[in-house]
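Chemist: One structure coming up, written as structure tokens, with questions to follow.
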Amino acid sequence: MIILVMLVFLVIIALEVPGLVKEKMWRELAAFAFLLFFGMALSIPQVLGLQVPSPNEPIEMIFKPFAEWLTPK
Amino acid sequence: MERVRISPLQGAMLLVTTITSTAIILLPGAIAGRDAWLATLGGLAVGLVMAVTISFLGQRFPGETIIEYTEILLGKYIGKTVSALFLTFFGYLAALTLWDFGVFISSSLLVGTPMMAINIIGILVATYTARYGLEVIARVNQIFLPLIIISVLLASIIVFTMPKTSLAHILPVLENGTKPLLAGTAKVADWLGEVIVLSMVIPFLYPQKHSRSVAMVSVLISSLILLLVSLVVVATFGDISPTLFFPFYSAVLLIEISRVLRLDVVITTIWIIGSFIKISFLLYILAHGTAQWFKLVKHNFLIMPLAVIILSLSLIILKSVAEYQSISLQISGYLLFISLVLPAFLLLTAIITGRTTGKKDVK
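Protein sequence lines correspond, in order, to chains L and C.
Position one of the first sequence corresponds to residue 8 (our numbering), numbered consecutively onward.
Position one of the second sequence corresponds to residue 39 (our numbering), numbered consecutively onward.
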């Protein structure tokens, strides 16, 4: 499974990076790398079976008063 | 950036698909029970406010997207932070839509298939489409939206003609007080708040002067569709509709015309097409916005990394339907904060500081 995920990332890099390097778009390459690392940080722990915190946790905390105000007692 | 132009009609159709495709199935107003139709009307009022805010901002900054004019209005650092909030919102919405898609297919059609497999297929198709750009998505949508609307209308009419369905079920009005109605209004409004994606599309609209009618009309049509669907659901199920996760789907499952059964396939088709267009559209907007945030000259190469992020998020965002139902109001709060409070704040800042990029020619 982990090999498959790495393969997907390699395919994405192989498809996009050569074009960017050829046109010397370093700023674009940096943004691409940043997003790709973010994607890796989200997906690889999941494949390894680790718990990844959901983005809903902060939302749940911040907007709890709003939801409670709307919930009938 | 590449030259992209879509007509106001295409823009409005894209917005209607974005709003209604998931709303028809999940039916946000259903939380209000019998008052779902009232909640839809309440949501419409809030939705129109959001549409007007977005289009006023669009008129002040005709050539810029919300990512760009947030920075013009609030300065570099605060502006970047706030526009990052908008970007995370688009990403969150895409992930949530993909999750909805996976959950619906894996609980109605492909029971037992892991959600991951369904989501991967969904995001693959969406990535492929998003790479071809906004014009392609808009044209695909022009073909499919009429089909979606016609099948919803047909399904609704058939459900209404069934013997057990009765509009008398919408009475009594407000039987549990105003709280359920307010909750329903908030949920409908959070769906209509997706009109905020228009702020990313306004620079591509040509001719641009119609952007306000695009916003208003799409919110209006979406609410009319939601109103019809919520009437169908309440007329069929009465006050048990809040307990159903896919109320309209359950209503259509009941259809039985002599030997014709299982018309729910129609609804599933709507769902698959609608979610696919919605995810591609959000993915495109997210890539475009991210490119503007980083001040890049192209955005196509960002689509695949973003698709990976959305896919991974969609698998962790919610564990179960029950979890969604328990925190759906918190999610509404978040969506409303981004689509109602922030744009209103931006518009206020624009009016006070008098900043505008004026009558610039459409790029």
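Even for Gly, the Cβ is constructed at its ideal location relative to N, Cα and C.
1) Measure from the alpha carbon of C/Met238 to the alpha carbon of each residue in C/Leu82, C/Phe99 and C/Leu79, then state which is nearest.
2) By how many angstroms is the C-alpha of C/Gln246 removed from the C-alpha of C/Arg41?
3) Report the neighbours of L/Ala21 on chain C: residues whose CB is nearer than 9 Å to its CB, in chain order.
4) With a threshold of 8 Å between beta-carbons, can L/Leu49 be considered close to chain B, or not?
5) I'd like the list of long-range same chain contacts for C/Ile389, defined as Cβ closer than 8 Å, with 5 residues on each side in sequence excluded.
6) Tell me which residues share the same chain as C/Arg72 and place their Cβ nearer than 6 Å to its Cβ, disregarding the 5 neighbours each side in the sequence.
7) DSSP on C/Ile62, reduced to helix/strand/coil?
8) Count the other CB atoms within 10 Å of the CB of C/Val304; is the residue buried (16 or more) or exposed (fewer)?
9) Return the CA-CA distance between L/Glu64 and C/Ile341, expressed in angstroms with no decimal places.
10) Would you be able to state if there are at least three C-beta pairs under 8 Å between the stretch 211-229 of chain C and the stretch 322-342 of chain C?
11) If contact is defined by three or more beta carbon pairs under 8 Å, each pair taking one atom from either stretch, is the stretch 59-72 of chain C in contact with the stretch 216-236 of chain C?
12) Looking at C-alpha atoms only, which residue of C/Gly312, C/Gly80 and C/Leu111 is the closest neighbour of C/Gly392?
13) I'd like the list of long-range same chain contacts for C/Leu82, defined as Cβ closer than 6 Å, with 5 residues on each side in sequence excluded.
14) Could you give the uninterrupted runs of the alpha helix (DSSP H) lying entirely in the stretch 99-132 of chain C, keeping only those of 4 residues or more?
15) Alpha carbon to alpha carbon, what distance is there between C/Val235 and C/Gln180?
16) Where does C/Leu301 fall in DSSP's three states?
17) Could you have a look at C/Ile355 and say whether DSSP puts it in helix, strand or coil?
18) I need the boundaries of the alpha helix (DSSP H) containing C/Tyr166, first residue and last residue.
19) Report the residues of the stretch 358-374 of chain C with a CB closer than 7 Å to any CB of chain L, ordered along the chain.
Modeler: With the structure as the only source:
1) Closest option to C/Met238, judged by alpha-carbon separation, among C/Leu82, C/Phe99 and C/Leu79: C/Phe99.
2) Cα to Cα, the separation comes out at about 15 Å.
3) Within 9 Å Cβ-Cβ: nothing; L/Ala21 doesn't reach chain C, min ~11 Å.
4) Given the protein chain composition of this structure (L and C), no chain B is represented.
5) Counting only Cβ-Cβ distances below 8 Å, and skipping sequence neighbours, we find nothing.
6) Here the set comprises Ile208, Val272 and Asp277.
7) The answer is helix: DSSP assigns C/Ile62 an H, G or I state.
8) Result: buried.
9) One Cα belongs to L/Glu64, the other to C/Ile341, and the distance between them is close to 26 Å.
10) With a cut-off of 8 Å, the stretch 211-229 of chain C and the stretch 322-342 of chain C do not count as touching, because too few Cβ pairs lie within range.
11) Under the three-pair Cβ rule at 8 Å, the stretch 216-236 of chain C counts as touching the stretch 59-72 of chain C.
12) Residue C/Leu111 is the option with its Cα nearest to C/Gly392.
13) Closer than 6 Å at the Cβ level, and outside the excluded window around C/Leu82, lie Ser261.
14) Entirely contained in the stretch 99-132 of chain C, the alpha helix (DSSP H) runs reaching 4 residues are, in chain order, 104-112.
15) Roughly 18 Å between the two C-alpha positions.
16) Three-state result, C/Leu301: coil.
17) Coil at C/Ile355, not helix or strand.
18) Counting along the chain, the alpha helix (DSSP H) containing C/Tyr166 begins and ends at Met153 to Arg169.
19) Listed by position, the residues of the stretch 358-374 of chain C near chain L (Cβ gap below 7 Å) are Ile365, Leu367, Gln368, Ile369, Gly371 and Tyr372.
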